[in-house]
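Trainee: To get the working numbering, take the position in the sequence shown, counting from 1, and add 1. No residue lacks a Cβ here, since even glycine has one placed at the ideal position from N, Cα and C.
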Amino acid sequence: MLKIPGMIDPHVHLRDLDWSYKATFAFETAAAIAGGYWAVFDMPNTAPSTVTQEALQTKLKRIDATACCDWGLYFGASQTGNWDQYPVDGTCGLKMYNNATTGDLLLDNQAVREEHYKHWSGKIIAVHAEEETVLEILALVRKYRVWTHFCHISTADEIRYLTAAKEEGLPISIGVCPHHLYLTQDDLNTLGVFGLMKPELKTKADQAALWQAVENGVVDIIESDHAPHTVAEKQSDKPPFGVPGLETTLPLMVLAMHEGRIDEKRLIELLATNAQKIWQLSPPEGTYTLVDVDAQYPIEREYLRTAVGWSPFEGVRVFGKVREVWIRGTQVFDGGKILVDEGFGENCFGL
Ligand code: DOR
Ligand code: ZN
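#1: When you compare each of Glu315, Leu305 and Arg329 to Lys338 by their alpha carbons, which one comes out closest?
#2: In three-state DSSP terms, what is Leu271?
#3: Residues in its own chain within less than 7 Å of Ala56 by CB, not counting five upstream and five downstream?
#4: On the CB-based measure, 16 or more other CB atoms within 10 Å of its CB, does Pro284 come out buried or exposed?
#5: On the three-state DSSP scale, how would you describe Thr102?
#6: Roughly how far, in whole angstroms, is the beta-carbon of Gly104 from the beta-carbon of Leu247, given that I think they are within contact range, below 8 Å?
#7: State whether the stretch 148–159 contacts the stretch 122–132, with contact taken as three or more CB pairs (one from each stretch) at a distance under 8 Å.
#8: Would Glu286 be called buried (16 or more neighbouring beta carbons within 10 Å of its own) or exposed?
#9: Once DSSP output is grouped into helix, strand and coil, what is the label at Trp212?
#10: Skipping 5 residues on each side, what residues in its chain have a beta carbon closer than 8 Å to that of Leu95?
#11: Using the Cβ count rule (16 or more neighbours within 10 Å means buried), how would you classify Thr250?
#12: Taking the continuous beta strand (DSSP E) assigned at Arg318, which residues delimit it?
#13: Should the stretch 237–245 be regarded as contacting the stretch 205–214, the criterion being three or more beta carbon pairs within less than 8 Å?
#14: Report whether the distance from the Cβ of Asp226 to the nearest heavy atom of ligand 2 is below 7 Å.
#15: Can you check which of these residues, Leu253, Ala27 and Val333, is closest to Gly316 by C-alpha distance?
The following block contains the structure:
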């Protein structure tokens with residue numbers, strides 16, 4: 002049995018509020034626990050977007066009352082310049098969307114991006130930046146020295162830019178998603194709309210560059226980018242981008258261990274301790290996950306807890322069953338049932 006201390010997924014979209022028909026904090030944080038997690042950090046491209054004090058307070062109240070696992074919330078940077086609304090504390094960071102995605106939080110103006118870097122006094126900025134946009138953000142990191150987490154990096158070029166930036170000594174970290182490691186654009190033939198997400202699936206050469214960066218230590222975190230959309234929405238004329246991932250990330254990384262790509266130590270860094278260091282959190286006493294790393298099984302939708310009930314990895318034979326999850330000395334999962342009520346979860350950046 003492998004013991005992992007305080008697993009964190011710093012990149013999830015739990016929905017709720019006006020998007021409760023897709024998924025809710027209660028459902029998706031239960032899915033997070035079943036996936037082995039202590040804590041998840043929710044992105045601000047919700048409905049309403051988390052870009053004002055009022056929207057943040059509404060979200061804080063709702064997640065505090067209904068979350069099963071511990072959590073953090075990002076504040077969103079807006080194109081119109083919402084620095085007068087920035088929270089003083091209580092969030093896990095500022096999120097900047099610098100390329101198009103779900104929601105309406107696109108920042109395509111470098112001067113506005115710079116104002117956000119100038120004004121944000123929190124510890125972390127997390128960015129959605131693809132291809133050349135990575136270089137534009139790196140210019141701001143170089144100037145303002147705010148720790149910047151590059152979310153869901155997906156190409157060989159981006160890995161090249163960021164490896165050089167790390168060698169230069171810039172304060173950055175890199176997140177990669179399991180879907181970019183285990184799927185490529187070739188899989189779109191079989192996955193169809195269920196393989197659509199942002200950043201999109203890439204080539205086999207990009208995939209190989211990502212694996213190399215996971216293996217050699219350049220990648221800091223494996224993040225799910227858990228983005229539940231209903232089956233009906235995915236099958237509609239305008240399928241939204243995003244795939245669920247909270248319950249498949251750990252088993253896919255245990256599969257990577259069985260494939261000889263990473264060892265136990267690296268798995269624990271990628272899923273727990275690197276995020277703890279970057280966000281400066283120590284897991285509270287009695288916060289860990291026990292995983293039977295030799296249990297092998299295919300991913301099947303009937304066992305998923307996410308409200309949307311599907312996965313792009315259905316049928317993939319993975320390793321690693323979560324047997325127990327403990328948070329703050331309380332057992333919250335026994336391998337079958339969630340053992341705590343809604344509202345048990347606390348804000349990791351708590352007020
Ligand atoms: O595929 C995606 N879905 N990428 C994102 O950046 C956002 C997410 C969502 O919210 O659905
Ligand atoms: Zn995302």
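Mentor: Let me spell this out:
#1: Answer by Cα proximity: Leu305.
#2: The answer is helix: DSSP assigns Leu271 an H, G or I state.
#3: Excluding residues within five positions, the ones whose Cβ falls inside 7 Å are Pro49 and Ser50.
#4: With at least 16 other beta carbons inside 10 angstroms of its own, Pro284 counts as buried.
#5: Residue state for Thr102 is assigned as coil, using DSSP reduced to three classes.
#6: Not quite, the Cβ-Cβ distance comes to about 19 Å (not below 8 Å), so this is no contact.
#7: Contact between the stretch 148–159 and the stretch 122–132 is present, because at least three Cβ pairs lie under 8 Å.
#8: Label assigned to Glu286: exposed.
#9: Assignment of Trp212 by DSSP, reduced to helix, strand and coil, places it in the helix class.
#10: Closer than 8 Å at Cβ, skipping near neighbours: Tyr75, Phe76, Gly77, Ala78, Tyr87, His117, Trp121, Gly123, Ile125, Ile126 and Ala127.
#11: Taking all protein chains in view, the Cβ of Thr250 is crowded by 16 or more other Cβ atoms within 10 Å, so the residue is classified as buried.
#12: Residues Arg318 to Ile328.
#13: With a cut-off of 8 Å, the stretch 205–214 and the stretch 237–245 do not count as touching, because too few Cβ pairs lie within range.
#14: Yes, Cβ of Asp226 sits closer than 7 Å to a heavy atom of ligand 2.
#15: Answer by Cα proximity: Leu253.
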